[in-house]
Amino acid sequence: MHWRRASAHSSRACAGTGTVAASARPGLSVRSPRVSVPITGKVYLMGAGPGDPELLTMKAARVLREADVVLHDDLISREILALIPRTATLVSVGKRCGAARVTQEEINAMMLAYASSGRSVVRLKSGDPMLFGRAGEEIDALRSRGIEFEVVPGISAAFAAAAALETSLTDRRKAARVIFSTGHRAHGASEEQPTHVVYMPGSDYAPMVNRLLQEGFSADTPCAVVSAVSLESECVLRTTLGALPHSGQLPAPSILLVGEVLRQELLVETQHASSARWSVGQRLTSLLGTSVS
Numbered sequence: 000m001h002w003r004r005a006s007a008h009s010s011r012a013c014a015g016t017g018t019v020a021a022s023a024r025p026g027l028s029v030r031s032p033r034v035s036v037p038i039t040g041k042v043y044l045m046g047a048g049p050g051d052p053e054l055l056t057m058k059a060a061r062v063l064r065e066a067d068v069v070l071h072d073d074l075i076s077r078e079i080l081a082l083i084p085r086t087a088t089l090v091s092v093g094k095r096c097g098a099a100r101v102t103q104e105e106i107n108a109m110m111l112a113y114a115s116s117g118r119s120v121v122r123l124k125s126g127d128p129m130l131f132g133r134a135g136e137e138i139d140a141l142r143s144r145g146i147e148f149e150v151v152p153g154i155s156a157a158f159a160a161a162a163a164l165e166t167s168l169t170d171r172r173k174a175a176r177v178i179f180s181t182g183h184r185a186h187g188a189s190e191e192q193p194t195h196v197v198y199m200p201g202s203d204y205a206p207m208v209n210r211l212l213q214e215g216f217s218a219d220t221p222c223a224v225v226s227a228v229s230l231e232s233e234c235v236l237r238t239t240l241g242a243l244p245h246s247g248q249l250p251a252p253s254i255l256l257v258g259e260v261l262r263q264e265l266l267v268e269t270q271h272a273s274s275a276r277w278s279v280g281q282r283l284t285s286l287l288g289t290s291v292s
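Right under this line is the structure:
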């Protein structure tokens, strides 16, 4: 089980963890050695929403206006792209109907190369980056190289469609669940247990856990409870489904996520990411017309 206070501005730990902030001994002066640290940039995995520029979040608009490089999908509207500074490098890396003009490996390589040169890089995706946006693969690549990144959510097309249809996706009289799936699957991908998200899981996790176990989830399936999502007081509890009922409860409002995607493993090794970057170096030069190093 692992607790995490998400806010970097507070030294307080989540309730029940017993974590105490370290303090320096009085009168003890420690001089840090001067070390040459390479300057690296930051990557934003950002959702542009379904298309209407008025559905772009305020944070997304601000980050776009401050970007040095934007790697964007094909479906991003012209109005949203107009927010990007003229001094920024703009690269279309999208694909339609499965026809990829730029491969995922090349996109990863571009993110790493631009960020390693100290730039603020935006990977701009339609909808929300964490839903069918290959964000997991890009996060693995960024983590493998120690590149700082941040995810900026966007409004997914499903929610915009529900608004257009004036139809609630949930109705306590008819539907307590929503299923998101895709018509496109990775070649050779196996049919795994889906990610399950539970809104308002309550303070007693046992009934929910028992139901999920009956539906086929194993007790060692990783899960996370997030309280006060996106706020300064945000707090995260990471554990397994079997251990969840015996874990401390987080205050409401909270949300529960269950699934193998939550397992904390880096799937892309540093050596693999480095070789991938250089193996597509010539193609990147031809795509961009210039070196990104």
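In case it helps, the numbering used here puts the sequence shown at residues 0 to 292. Beta carbons are placed, not taken as given, at the ideal position from N, Cα and C, and that holds for glycine. A quick note: this is a predicted structure, and the numbers were derived from the prediction, not measured.
Secondary structure of F216, DSSP reduced to three states: Working through the sequence shown from its first residue, we reach residue 216 at position 217. Reduced to three states, the DSSP call for F216 is coil.
Three-way DSSP call (helix, strand, coil) for V36 in this model: Counting from one through the sequence shown, the residue named residue 36 turns up at place 37. In this prediction, V36 has a pLDDT of 48, which is less than 50 and means its spatial position is unreliable; what the coordinates show is noted afterwards. In the structure shown, V36 sits in coil (DSSP, three-state: anything other than H, G, I, E or B).
Contact between the segment 79–93 and the segment 132–145 (3+ Cβ pairs under 8 angstroms): no
Nearest-angstrom Cβ-Cβ length linking S226 and S202, presumed shorter than 8 angstroms: Residue numbering aside, residue 226 sits at position 227 when the sequence shown is read from its first letter. Residue numbering aside, residue 202 sits at position 203 when the sequence shown is read from its first letter. No, S226 and S202 are not in contact; Cβ-Cβ is about 11 angstroms, not under 8 angstroms.
C-beta contact flag for A312 and L123 at 7 angstroms: Residue numbering for the chain in the displayed model covers 0 to 292; residue 312 lies beyond these limits and cannot be assessed.
V151 beta carbon less than 7 angstroms from that of Y43: Along the sequence shown, one-based indexing puts residue 43 at 44. Along the sequence shown, one-based indexing puts residue 151 at 152. Yes, they are a contact pair.
Burial state of Q247 (16 or more Cβ within 10 Å): For the purposes of this step, residue 247 is taken as residue 248 along the sequence shown, with counting starting at 1. According to the sequence provided, residue 247 is Gly. The question's Gln does not apply to it. Label assigned to G247: exposed.
Where the alpha helix (DSSP H) through F158 begins and ends: By 1-based counting over the sequence shown, the position of residue 158 is 159. Start and end: 156–164.
Counted within 10 angstroms of its Cβ, other Cβ atoms place E147 as buried (16 or more) or exposed: Within the sequence shown, numbered from 1, the residue matching residue 147 stands at position 148. Exposed, because fewer than 16 other Cβ atoms sit within 10 Å of the Cβ of E147.
For H195, the three-state DSSP class (helix, strand or coil): Within the sequence shown, the letter at position 196 stands for residue 195. In the structure shown, H195 sits in a strand (DSSP, three-state: E or B).
CA-to-CA distance, S91 to D72, given in whole angstroms: Position 73 of the sequence shown, counted from the first residue, corresponds to residue 72. Position 92 of the sequence shown, counted from the first residue, corresponds to residue 91. Going from the Cα of D72 to the Cα of S91 covers about 6 angstroms.
Given 8 angstroms, three or more beta-carbon pairs between the segment 223–239 and the segment 160–168: no
Per-residue burial, T169 [other beta carbons within 10 Å of its own, 16 or more giving buried]: Taking the first residue of the sequence shown as 1, we reach residue 169 at position 170. Flag for T169 reads exposed.
Cβ shell of A59 (< 6 angstroms), same chain only, five flanking positions each side left out: Mapped onto the sequence shown, residue 59 falls at position 60. M45, V151, listed in sequence order.
Backbone secondary structure at P206 - three-state DSSP: Locating residue 206 in the sequence shown gives position 207, where the first residue counts as 1. It is helical.
Selected residue, minimal CA-CA separation from A156, among L261, I75, T194, V69: Locating residue 156 in the sequence shown gives position 157, where the first residue counts as 1. It is I75 whose Cα lies nearest to the Cα of A156.
A223: first and last residue of the uninterrupted beta strand (DSSP E) it sits in: Sequence index remark: in the sequence shown, residue 223 carries index 224 (1-based). Taken as a continuous stretch (DSSP letters only), the beta strand (DSSP E) holding A223 covers 221–226.
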